[in-house]
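See structure below.
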Amino acid sequence: MQKISGDNFISEIVQKHNNDPQQLTSILHDVQEASGQNYVAEPWARQIAELLQTPISHVYEVLTFYSMFSTEPKGKVLIEICNSAPCRFNRSHELLAWCKEELGIGVGEITPDGEFGIAYTSCVGACDVSPSLKIGEDVYGNLNRSKLTQLINSFRENRPELREPLICQN
Amino acid sequence: MSTQKELVNLTIDGIAVTVPAGTTILEAARRANVNIPTLCDHPDLGRRAVCRLCVVECNGGRKLKAACANEVWEGANVVTDNPRIRQIRRTILELILADHPKDCLSCVRNGSCELQALAERFGIRKHVFKVGIPAQEPLLHSGTLVRQMSKCVKCGRCIAACREVQQVHAINSVSRSLSYALGTPYNTMLGDGTCTFCGRCASVCPVGAIYENDQVNDIFDILADPENHVVVQTAPAVRVALGEAFGLPAGSISTGKMVAALKRLGFSKVFDTDFAADLTIMEEGHEFLDRLKNDGKLPMITSCCPGWINFAETFFPDLLDHLSSCKSPQQMFGAVAKTYYAEKLGIAREKIRVVSIMPCTAKKFERARPEMKENNDPDVDFVLTTRELARMLKAAGIEMNNLPEAEFDRIMGESTGAGVIFGASGGVMEAALRTVYEVVTGAELPSLDFEDLRGYHGVKYSKVELPGRTVKLAVVNSLGNARALMQDLRAGKTDVDFIEVMACPGGCVGGAGQPYGSSAKVKERIKGIYIEDKNLPLRKSHQNSEVQTLYREFLGEPLSERAHHLLHTHYHPRHK
Chain A
122 MQKISGDNFI SEIVQKHNND PQQLTSILHD VQEASGQNYV AEPWARQIAE
172 LLQTPISHVY EVLTFYSMFS TEPKGKVLIE ICNSAPCRFN RSHELLAWCK
222 EELGIGVGEI TPDGEFGIAY TSCVGACDVS PSLKIGEDVY GNLNRSKLTQ
272 LINSFRENRP ELREPLICQN
Chain B
252 MSTQKELVNL TIDGIAVTVP AGTTILEAAR RANVNIPTLC DHPDLGRRAV
302 CRLCVVECNG GRKLKAACAN EVWEGANVVT DNPRIRQIRR TILELILADH
352 PKDCLSCVRN GSCELQALAE RFGIRKHVFK VGIPAQEPLL HSGTLVRQMS
402 KCVKCGRCIA ACREVQQVHA INSVSRSLSY ALGTPYNTML GDGTCTFCGR
452 CASVCPVGAI YENDQVNDIF DILADPENHV VVQTAPAVRV ALGEAFGLPA
502 GSISTGKMVA ALKRLGFSKV FDTDFAADLT IMEEGHEFLD RLKNDGKLPM
552 ITSCCPGWIN FAETFFPDLL DHLSSCKSPQ QMFGAVAKTY YAEKLGIARE
602 KIRVVSIMPC TAKKFERARP EMKENNDPDV DFVLTTRELA RMLKAAGIEM
652 NNLPEAEFDR IMGESTGAGV IFGASGGVME AALRTVYEVV TGAELPSLDF
702 EDLRGYHGVK YSKVELPGRT VKLAVVNSLG NARALMQDLR AGKTDVDFIE
752 VMACPGGCVG GAGQPYGSSA KVKERIKGIY IEDKNLPLRK SHQNSEVQTL
802 YREFLGEPLS ERAHHLLHTH YHPRHK
């Protein structure tokens, strides 16, 4: 995830999408990713609306309709724990409890340094390795206590080589 | 290509019906005198099909179709009512009622609520689903509109009106599923967004979620204080709609009875906004001639409609110099009442209270504008909508229909037909032409009726021949139509000299403060307006003797310095 590159990052992203109002969701995705906090702040949304010459009411409607978008900071590393039935059966609540132990925060909260956040997600299609969770674009499965600690530490220490995300095969 | 639509034959509850192709099942059923229940549907708004109350069975299939959104087809066999359908509709209604605050007794829509009417129709006697209802206080926006979203049934009519008809885009849906709501961007107050306070949202809301700021009790209070000299003015569109609240058909003319009822309420003087409309024509007509003669900014655009002014200030701040500098008739009336009238009767300005009866919600916003005050004292103190006046009369026990007719008081109660037609789309333009033509040519108009400019239709063009010049005219109603015309103007693609804009479909008669109803009623009110115009002995603003006296004794001539100070205003770009 890249950090906000400056004041112009909104107009750069909008330009990348040819100032096309039809690409609003893609623009919001890119802005959310560039935010470093997994969200789209109000001034950014207003700037997007102005650049696309589309009403802010429309941008806000899209932003709040899709659960993947957030209007509030969600943390730099957002841990999304699968909340669907198969993961539940395989004790996803323990996964959540371990995350809480590691980070000292609950669902919908972020750590004081803004580094980590926890959220629920719907099924990510990794039921075979449940309980699973998702961080950014990557899904992690077959998790136990020590694997989870290792995963969180890999983000704390910025050591991607310690992570074992699932490889999508299709 | 034939314009004649193909006809479709079908049966509805066993009744054979033939309707044009493209008719909805709902509309076809109405023609067969079958009243399918609806909640989200509104005849003037697009198809949304969100409430599902209008579901029907077709061709014996189990799958239900929404009658409001599905068109008829040849040979269809529609069943609109059987035990299964009734039970499904009942469950839908009970689900809608589940989290609706059932405080009908203290609701502004008690007696006019569409949800209440459905509960009555379905014989709801107890509430099956018991869920917590979040307490939510009503929020007053800019002293004009109240939103109490705990009452919202999420039909989406308000958004359709704001977005599709008016193209103002002030409100939107928020989130989805359980937390789905109708609101504003970032929950801001309406006054901080693009809202024009036209009130279309309030006029289509089926329940008490959006409504006008009810000031009936404020008026009772000021009337009860003997220190006050309270005068009232009534807009032209009110007299052809007020009767609806007392059981008369739309378009019935209640002028005399309305005046009598207002006198019974205890107003010191009952005046006519039409007087001020005639005054507006004197100023606006001369302003237009001045612009024509001295290469002023053209096209000139009318400025009577406060919803339109808010819209122009928000979306077309670069074109504000096209707007006539004339205040609206309501504000001209207030300014004259608190100066000329006060002086003439020897009453101190601060003792005079000016109340307006308007078909409009935006008038409440307009009266509070800083430009409409003298030393911080507003020229107009209160604005009541037609609906509020009806409530006030009922509260006071006044049986308006049975009163003998009374006449407006002098010296601001005379009206010409030109003043009356201000209430309908095209009327301001027509009134202006009746005066401008005679001022310029010195001759009488061959015909006073500018039929091209009249009617509910949203965009109308015409022209009139003045010596040495053809003046091209455009009349639009609804802000969506205004937006299209203004975009053309901005792009240099218009070829007109004079534009009239009214924010509400059909003009002020279709105002958001009028008794609830659809365009069918508005069209009847328009007819009423032109009947009233025809019946008046004087039909041109410059013939109004009280206006003539006002100029002779107080203002001097149109566009004089004093007229400028009292009767003209200026506009500010609004940040959106």
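In order, the protein sequences belong to chains A and B.
Going left to right, the first sequence walks through residues 122 to 291 as this note's numbering numbers them.
Going left to right, the second sequence walks through residues 252 to 827 as this note's numbering numbers them.
Glycine residues also receive a C-beta, built at the ideal position from the N, C-alpha and C atoms.
Less than 9 Å separates the beta-carbon of threonine 274/B from that of valine 323/B. Taking a C-beta cut-off of 8 Å against chain A, the contacting residues of the segment 421-437 of chain B are Ala421, Ile422, Asn423, Ser424, Val425, Ser426, Arg427, Thr435, Pro436 and Tyr437, listed in chain order. Counting along the chain, lysine 774/B sits inside no beta strand (DSSP E); it lies in the alpha helix (DSSP H) bounded by residues 770-786.
Interface flag for arginine 408/B against chain A is unset, since no Cβ pair is found closer than 9 Å. In the DSSP assignment, methionine 753/B falls within the unbroken beta strand (DSSP E) covering 749-753. Annotation for threonine 185/A: Thr192 place their beta carbon closer than 8 Å to its own, counting only its chain and skipping 5 residues before and after.
Membership of aspartate 523/B in any alpha helix (DSSP H) is not indicated; the residue belongs instead to the beta strand (DSSP E) covering 520-523.
Proline 389/B has its alpha-carbon roughly 47 Å from the corresponding atom of threonine 800/B. DSSP lists no beta-bridge partner residue for arginine 277/A. Segment contact: the segment 741-749 of chain B against the segment 717-724 of chain B, three or more CB-CB distances shorter than 8 Å; contact assigned.
As DSSP reads the structure, histidine 537/B sits in no beta bridge.
Secondary structure of arginine 542/B (DSSP, three-state): helix. Interface annotation for the segment 188-201 of chain A against chain B: empty, criterion Cβ-Cβ distance under 7 Å. Residues Arg813 and Ala814 of the same chain have their beta carbon placed closer than 8 Å to that of glycine 807/B, with the five preceding and five following residues left out of the count.
Excluding five sequence positions before and after leucine 258/B, the CB atoms of its chain that fall closer than 8 Å to its own CB belong to Thr269, Val270, Pro271 and Ala272, given in chain order. Listed in chain order, the non-local C-beta contacts of serine 607/B below 6 Å within the same chain comprise Gln484, Gln581, Val631 and Val634, local neighbours out to five positions each way being set aside. About 4 Å separates the beta carbon of glycine 442/B from that of serine 393/B, a gap short enough to meet the 8 Å contact definition. Tyrosine 781/B is positioned such that its CB atom lies closer than 9 Å to that of isoleucine 672/B.
The Cβ atoms of tryptophan 165/A and serine 156/A lie closer than 9 Å to each other.
Pairing glutamate 154/A with proline 281/A, the inter-Cα distance amounts to about 18 Å. Within 10 angstroms of the beta-carbon of leucine 429/B lie fewer than 16 other beta-carbons, which makes it exposed. Residue ranges of uninterrupted alpha helix (DSSP H) with 4 or more members, entirely inside the segment 346-390 of chain B and ordered along the chain, are 365-372. Serine 554/B counts as buried, since no fewer than 16 other beta carbons sit within 10 angstroms of its beta carbon. Note on arginine 209/A: under 16 other CB atoms within 10 angstroms of its CB, so exposed under the neighbour-count rule. Proximity of threonine 445/B to chain A, defined by a Cβ-Cβ separation below 9 Å, is satisfied. Secondary structure note for valine 152/A: it is in no beta strand (DSSP E), and the uninterrupted alpha helix (DSSP H) holding it is 145-155. Cβ proximity to chain B below 9 Å picks out nothing from the segment 146-158 of chain A.
For arginine 209/A, the enclosing alpha helix (DSSP H) starts and ends at 206-210. Burial is judged here by how many other beta carbons sit within 10 angstroms of a residue's own beta carbon; glutamate 695/B has fewer than 16 and is exposed. Arginine 451/B is classed as buried because its beta carbon has at least 16 other beta carbons within 10 Å across all chains shown. For alanine 475/B, the closest C-alpha among the options Gly459/B, Arg515/B and Met509/B is that of Arg515/B.
Nearest CB-CB separation between valine 180/A and chain B: below the 9 Å threshold. Closest option to alanine 327/B, judged by alpha-carbon separation, among Leu740/B, Pro288/B and Gly311/B: Gly311/B.
DSSP places threonine 745/B outside both helix and strand once states are collapsed to three, so it counts as coil. A direct Cα-to-Cα measurement between glycine 664/B and alanine 317/B gives close to 52 Å.
The residue among Lys774/B, Val404/B, Leu369/B and Lys508/B with its C-alpha nearest the C-alpha of isoleucine 384/B is Val404/B.
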